[in-house]
Each structure stands twice: as C-alpha cells, then as structure tokens.
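J.: Quick one: this structure, given as structure tokens, is what I'll be asking you about.
Numbering (the working numbering), first residue to last: 703 to 939.
Okay, here's the thing in structure tokens:
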C-alpha cells in the first residue's frame, strides 16, 4: 500500500515543473504576439488612418485574424491597449521635458516643441488617442484620461516645489497644473481637427509658449513673486 500512495506524489512532483514551463512558454508567446499586433496596428493607423480593420492589422502582423481575437477580448480591448502603446511612445519623448532644465522660457519651449513635433509627425496616432476612428468614436478612454491626469499631477508636484520655495505657499499648484494641461490639450486638439486653421505648427507653438508663460507669470505676480523667462529653473527650487 505504501507504494500505491507514493506514486501520485511522484507523478505530481515531476509534472508540475513541466506544466509551469508550458504555461510560461505560452504566456511569453502570447506576449510576443500581442506586442507584434500592437506595433502592426500603430503602423497601419499611421499610414492608412484610424479606421483600419482587424484584418488589415492581422495581415500586417502576419497572423490569422482569429489570433487577434484570442489575444484581445474584442475590438474595444485592442483599441484601448493600442492607446496605451501609443502613449508609451509619446511619453518616451515627452517625459524628459517634464523635468525642466535651463531657464523658465527654455523649459516651456522645450516641452511645447517636443509635444508638437510628435503630433506633427504622428497626427493620425494622436487623432486615434483622442477620438478613436470614424466608425468607432471613443471618448473618455481610461488610458488617455489617466495619462493626462498623471502628467498634470507630476506638473503639480513640480509647481508645488517651486511655490513653496519662492512664495512659501503651494495652494495654487494643482489648479495651475491642471489648467495648463487643459489649455494645451484643448488648443492642440482643435488645431488638429480644423484643417482650415490659419495657424501653422510654429504659430501654434508660439501661442502655447506665450500662453503658458502668461498664466504662470500672472498668477505668480498676484502672490508677490517676480520671475521672467530668463530666470534659471534652478533658482526656483
């Protein structure tokens, strides 16, 4: 009887690593395919516009259409994960500008110009982030909203540090940060959606740089803090 009871233990012990190994290999394979499909979707949208179909994406990724629906729950899941991938690409360029260097004016210009450069290079990806495609309109994406909030909160923390240092009070930091993010977001979205806009990208960049500076300058002046565009950022921390 002792041998009878021992056998299942041996089988379970030997099989478990094999099962774990198969599961790990499958997850790795699934992750590789997911990444390939998302990259293919980005390329397709960038070249053909945001209304590309799943079959076009599958063809570009060199996988059957059915595989796309095994990796993603549905088209909505694919689109939302795609937004996450696009934002990763955008933030790789933008994130360094959220740690300002040089003068105040230079820091503002660097952030604005980096953002607009990306948008001008990838207008269809930016359109997809904001509204989805003509046949699948999307508003209120959790990924997009969460990213805007995260950027505003990071900016809020930076402004709080500055305000504490120069004014001894950081109450304005959050309102300033969210106001600035909203100003840039709304202005850029409208500019992109209006092909008849008389402003070129350089004009829009200048408008945003001046507007951001005026919002900061006006509010800091109101609480008794004097700065100008040539003020080194290091003096404000």
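For every residue, glycine included, the Cβ atom is placed at its ideal position computed from N, Cα and C.
Taking the C-alpha atoms as reference points, what is the distance between residue 784 and residue 738?
T.: 11 Å
J.: Alpha carbon to alpha carbon, what distance is there between residue 820 and residue 922?
T.: 30 Å
J.: If residue 812 sits next to residue 751, beta carbons under 8 Å apart, how far is it from one beta carbon to the other, in whole angstroms?
T.: At roughly 30 Å, the Cβ-Cβ gap does not stay under 8 Å, so residue 812 and residue 751 are not in contact.
J.: Considering Cα atoms alone, identify which of 789, 798, 753 and 800 is closest to residue 777.
T.: 753
J.: Determine the extent of the alpha helix (DSSP H) in which residue 824 is found, giving its start and end residues.
T.: Neither: residue 824 is in no alpha helix (DSSP H) and is coded neither H nor E.
J.: Residue 677 and residue 896: beta carbons closer than 8 Å?
T.: Nothing about residue 677 can be reported from this structure: the residues present for the chain run from 703 to 939 only.
J.: Which same chain residues end up closer than 8 Å to residue 914 when comparing Cβ atoms and leaving out the 5 residues on each side of it in sequence?
T.: 810, 814, 882, 885 and 886
J.: So the candidates are 760, 789, 790 and 877; which of them puts its Cα closest to the Cα of residue 859?
T.: 877
J.: Measure the Cβ-Cβ separation of residue 943 and residue 773 and say whether it is below 8 Å.
T.: Residue 943 is absent from the structure shown; the chain starts at 703 and stops at 939.
J.: Taking only the alpha-carbon atoms, compute the straight-line gap between residue 928 and residue 787 and give it to the nearest angstrom.
T.: 41 Å
J.: Would you give the residue range spanned by the alpha helix (DSSP H) that residue 925 belongs to?
T.: Here residue 925 belongs to no alpha helix (DSSP H), and DSSP marks it neither H nor E.
J.: Would you mind working out which of 781, 866, 863 and 733 sits nearest residue 830, comparing C-alpha positions?
T.: 781
J.: Applying the criterion that 16 or more other CB atoms from any shown protein chain within 10 Å of the CB defines a buried residue, is residue 733 buried or exposed?
T.: exposed
J.: Kindly indicate which three-state DSSP category residue 715 falls into: helix, strand or coil?
T.: With a pLDDT of 46 at residue 715, under the threshold of 50, the predicted position of this residue should be treated as unreliable, and no value is reported.
J.: To the nearest angstrom, how far is it from the Cα of residue 805 to the Cα of residue 879?
T.: The straight-line gap separating the alpha-carbon atoms of residue 805 and residue 879 is approximately 19 Å.
J.: Please report the straight-line C-alpha distance between residue 745 and residue 906, rounded to a whole angstrom.
T.: 27 Å
J.: Alpha carbon to alpha carbon, how far is residue 799 from residue 816?
T.: Rounded to the nearest angstrom, the two C-alpha atoms are 8 Å apart.
J.: What is the residue span of the alpha helix (DSSP H) that residue 940 lies within?
T.: No statement about residue 940 is possible, as the shown extent of the chain runs from 703 to 939 and does not include it.
J.: Considering only residues of the stretch 845 to 899, which uninterrupted alpha helix (DSSP H) runs meet the minimum length of 4 residues and lie entirely inside it, listed in chain order?
T.: 875 to 895
J.: Give the straight-line distance between the Cα atoms of residue 875 and residue 930, rounded to the nearest whole angstrom.
T.: 18 Å
J.: Hey, residue 918 and residue 868 are a contact pair by Cβ (cut 8 Å); roughly how many whole angstroms apart?
T.: That pair is no contact at about 12 Å.
J.: Output yes or no for whether 8 Å exceeds the beta carbon distance between residue 932 and residue 807.
T.: yes
J.: Out of curiosity, what's the CA-to-CA distance linking residue 756 and residue 935?
T.: 47 Å
J.: Mind reading off the beta-carbon distance from residue 828 to residue 894? Whole number of angstroms is fine, and I expect it under 8 Å.
T.: Correct: roughly 6 Å between the Cβ atoms.
J.: Find the nearest neighbour of residue 741 within the set 760, 727, 899 and 731, judged by alpha-carbon distance.
T.: 760
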